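So the sequence shown is residues 30 to 425, counted in the working numbering.
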Amino acid sequence: MFLANIPALADKADELKLGCDGDNEVSCFNLGLMYYDGTNVEQDYFKAVELYQKACGLDNGRGCVNLGLMYDDGTGVKQNYFKAAELYQKACGLDGGSGCANLGFMYKYGIGVEQNYFKAIKYFQKSCGLDDSYGCSNFGLMYDEGKGVKQDYFKAVKLYQKACGLDSGNGCANLGLMYDDGIGVEQDYFKAVEYYQKACGLDDSYGCSNLGVMYADGTGVDQNYFKAVEYYQKACGLNDGNGCANLGFMYADGTGIKKDYFKAVEYYQKACRLDGGNGCFGLGFMYANGKGVKQNYFKAVKLYQKACGLDIGIGCSGLGAMYVDGAGVRQDYFKAVKYLQKACGLDDGIGCSILGAMYADGKGVIQNNKKALGYYGKACDLKIQLGCKNYAKRTR
30 MFLANIPALA DKADELKLGC DGDNEVSCFN LGLMYYDGTN VEQDYFKAVE
80 LYQKACGLDN GRGCVNLGLM YDDGTGVKQN YFKAAELYQK ACGLDGGSGC
130 ANLGFMYKYG IGVEQNYFKA IKYFQKSCGL DDSYGCSNFG LMYDEGKGVK
180 QDYFKAVKLY QKACGLDSGN GCANLGLMYD DGIGVEQDYF KAVEYYQKAC
230 GLDDSYGCSN LGVMYADGTG VDQNYFKAVE YYQKACGLND GNGCANLGFM
280 YADGTGIKKD YFKAVEYYQK ACRLDGGNGC FGLGFMYANG KGVKQNYFKA
330 VKLYQKACGL DIGIGCSGLG AMYVDGAGVR QDYFKAVKYL QKACGLDDGI
380 GCSILGAMYA DGKGVIQNNK KALGYYGKAC DLKIQLGCKN YAKRTR
């Protein structure tokens, strides 16, 4: 959600108060913004609400948007999504692009309104037509995901380009990902880096995290672990779960930074709180192996469960392995197979390799050498050496 904003205001609260008392809607809005930010006045959310209410009543669209956001967040008022949606609707009717964008978001996720992708599209489209960067980025995402419209990566790219041109960090990050993966455009790692850099410069956490990955892997840039750490730190500071998880991995491995298991645990914990599934796995691994924390298989199992629930393949593999070994849970080959199948379906090579062994030994499944060979082969394709070794042994 985005707050309607204006350039920094000079110290003229008294002048604005006079204007607002005279029903000047712009003065009411500007004064409300000053109280919201605490600019040249003592910060007062209740006063901001009062002033935004008056501005909105005088048909100031930005006042309606900002008041809606306060109801959305429960800042200065009791949280009320229905009221927020109502205010965004009014702002949109006044051709407030950010109001349309925020309303589209409410419809996309069914917040304060009944979920409706077609209405979300309608409002994102109007918002983008009003040159609102957030609206363009979200409109592009609908085409990217095929929600409410036929999936169209080319249209998604066009909309991300417009959003990025309007300085939407999210739009730039999404555009970078399209170039990174070669979706809707020809794969181009250099352009991916360029857009991730712009996104990160606009404080988009996803852009910073992805830029860190590019430096860690040496993709589109010269490999530089120190820069990777720098970007992961920024991403984590912006509450990106993947950024925190990746920073934890760097501390755990001592890559680009001095090895520190306690710091690794700290960042994994933050990542997992932010639903960064890789962070949950990393933290589970630390508990399973007693690194930076006291060994605790029960906690490891809980963390692997959360990681697997977030579709992290290695988390499912870890959970499956715990069921195979009976560590932190009662040994159960059938449950182990269930989680290993999910892991392998998520292209986790370790899961495929262990699953191959389950079929080879007939544990939790009917013994089947052909299936075992298939899983070992997939594990090998996913660069797991044990999978390659077992595959080779069975094809001599």
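We put the CB at the ideal spot given by N, CA and C, even for glycine. From a predicted model like this one, the values you see are computed outputs, not experimental measurements.
Start and end of the alpha helix (DSSP H) containing residue i?
i, result
"arginine 91", "90-102"
"glycine 355", "Note, glycine 355: premise wrong, no alpha helix (DSSP H); not H, not E."
"asparagine 203", "198-210"
"asparagine 449", "The first residue shown for the chain is 30 and the last is 425, placing residue 449 beyond what the model contains."
"leucine 62", "54-66"
"asparagine 69", "Element bounds for asparagine 69: n/a, residue is neither H nor E."
"glutamine 226", "218-230"
"asparagine 307", "306-318"
"leucine 332", "326-338"
"leucine 45", "42-50"
"lysine 176", "No alpha helix (DSSP H) holds lysine 176; DSSP gives it neither H nor E."
"glutamine 190", "182-194"
"tyrosine 374", "First, the residue type needs correcting, since residue 374 is glycine and not tyrosine in the sequence shown. Taken as a continuous stretch (DSSP letters only), the alpha helix (DSSP H) holding glycine 374 covers 362-374."
"glutamate 79", "74-86"
Note down, in chain order, each residue of its chain lying with its Cβ closer than 7 Å to the Cβ of residue i, except the 5 sequence neighbours on either side.
i, result
"lysine 9", "Residue 9 lies beyond the stretch modelled for the chain, which goes from 30 to 425, so this question has no answer here."
"leucine 304", "Here residue 304 turns out to be aspartate, not leucine, going by the sequence shown. Answer for aspartate 304: Gly270, Leu339, listed in chain order."
"leucine 60", "Ala42, Leu45, Lys46, Cys49, Leu80"
"asparagine 253", "Tyr244"
"glycine 342", "Ala372, Leu375, Asp376, Asp377, Gly380"
"cysteine 5", "Coverage of the chain is limited to positions 30 through 425, which leaves residue 5 absent and any answer about it impossible."
"leucine 385", "It is glycine, not leucine, that sits at residue 385 in the sequence shown. Closer than 7 Å at the Cβ level, and outside the excluded window around glycine 385, lie Ala401, Tyr404, Tyr405, Ala408, Gly416, Asn419."
"valine 78", "Leu96, Met99, Gly105, Val106"
"glycine 277", "Ala293, Tyr296, Tyr297, Ala300, Gly308, Gly311"
"cysteine 337", "Gly344, Cys345, Leu348, Tyr368, Lys371"
"glycine 177", "Tyr146, Phe147, Ala149, Ile150, Met171"
Buried or exposed, going by whether 16 or more other CB atoms sit within 10 Å of the CB of residue i?
i, result
"phenylalanine 291", "exposed"
"phenylalanine 75", "exposed"
"tyrosine 388", "buried"
"lysine 138", "Rather than lysine, the amino acid found at residue 138 in this sequence is tyrosine. Under this definition tyrosine 138 is an exposed residue."
"phenylalanine 219", "exposed"
"alanine 421", "exposed"
"aspartate 233", "buried"
"isoleucine 395", "exposed"
"phenylalanine 153", "buried"
"asparagine 203", "buried"
"lysine 103", "According to the sequence displayed, residue 103 carries glycine and not lysine. When all chains shown are included, glycine 103 counts as exposed."
"aspartate 282", "exposed"
"glycine 434", "Outside the displayed range of the chain (30 to 425) lies residue 434, so it cannot be described from this structure."
"lysine 287", "exposed"
"glutamine 144", "exposed"
"isoleucine 35", "For isoleucine 35, the predicted structure reports a pLDDT of 48, less than 50, and the residue's modelled location is therefore unreliable. The matter cannot be settled from this model."
"asparagine 275", "buried"
"lysine 179", "exposed"
"glutamine 72", "exposed"
"glutamine 334", "buried"
"glycine 391", "exposed"
Could you name the residues of the same chain whose beta carbon sits closer than 6 Å to that of residue i, not counting the 5 residues immediately before and after it, in chain order?
i, result
"alanine 39", "Confidence at alanine 39 is low in this model, with a pLDDT of 48, below 50, so its placement is unreliable and no value can be given for it."
"aspartate 161", "Gly126, Ser127, Ala130"
"cysteine 121", "Gly128, Cys129, Leu132"
"serine 166", "Ala192, Ser197, Asn199, Gly200"
"glycine 92", "Phe58, Tyr81, Ala84, Cys85"
"tyrosine 316", "Val322, Asn325, Lys328, Ala329"
"glycine 97", "Ala113, Leu116, Tyr117"
"isoleucine 212", "Tyr182"
"alanine 257", "Gly241, Tyr244, Ala245, Gly285"
"lysine 320", "Tyr290"
Starting from the C-beta of residue i, find all residues in its chain whose C-beta is less than 8 Å away, skip the five residues before and the five after it, and write them out in chain order.
i, result
"lysine 412", "Gly378"
"aspartate 226", "The question names aspartate, but residue 226 in the sequence shown is glutamine. These residues qualify, in order along the chain: Gly236, Leu240."
"serine 382", "Tyr404, Tyr405, Ala408, Ile413, Leu415, Gly416, Asn419"
"aspartate 88", "Glu54, Leu123"
"alanine 37", "Here alanine 37 scores only 45 on pLDDT, less than 50, and its place in the model should not be relied on; the value that follows carries that caveat. Thr68, listed in sequence order."
"cysteine 273", "Tyr261, Ala264, Cys265, Tyr296, Tyr297, Lys299, Ala300, Leu303, Gly305, Gly308"
"aspartate 354", "Gln360"
Using a Cβ-based criterion (distance less than 7 Å to any ligand heavy atom), does residue i qualify as near the ligand GTP?
i, result
"leucine 116", "What this structure holds is no ligand at all, so the ligand GTP is not there to describe."
>> Quick check on the DSSP output: what are the complete alpha helix (DSSP H) runs of length 4 or more inside the region 245-299, in order along the chain?
In response: Whole alpha helix (DSSP H) segments, 4+ residues: 254-266, 270-282.
> At which residue ranges does the region 376-406 contain complete alpha helix (DSSP H) runs of 4 or more residues, listed in the order of the chain?
Replying inline: Listed in chain order, they are 378-390.
> Which full runs of the alpha helix (DSSP H) of 4+ residues lie inside the region 97-172, going along the chain?
Replying inline: For the region 97-172, whole alpha helix (DSSP H) runs of length 4 or above, ordered along the chain, are 110-122, 126-138, 146-158.
> Does the region 178-196 touch the region 149-163, meaning 3 or more C-beta pairs lie closer than 8 Å?
Replying inline: Counting Cβ pairs under 8 Å, three or more are found: they touch.
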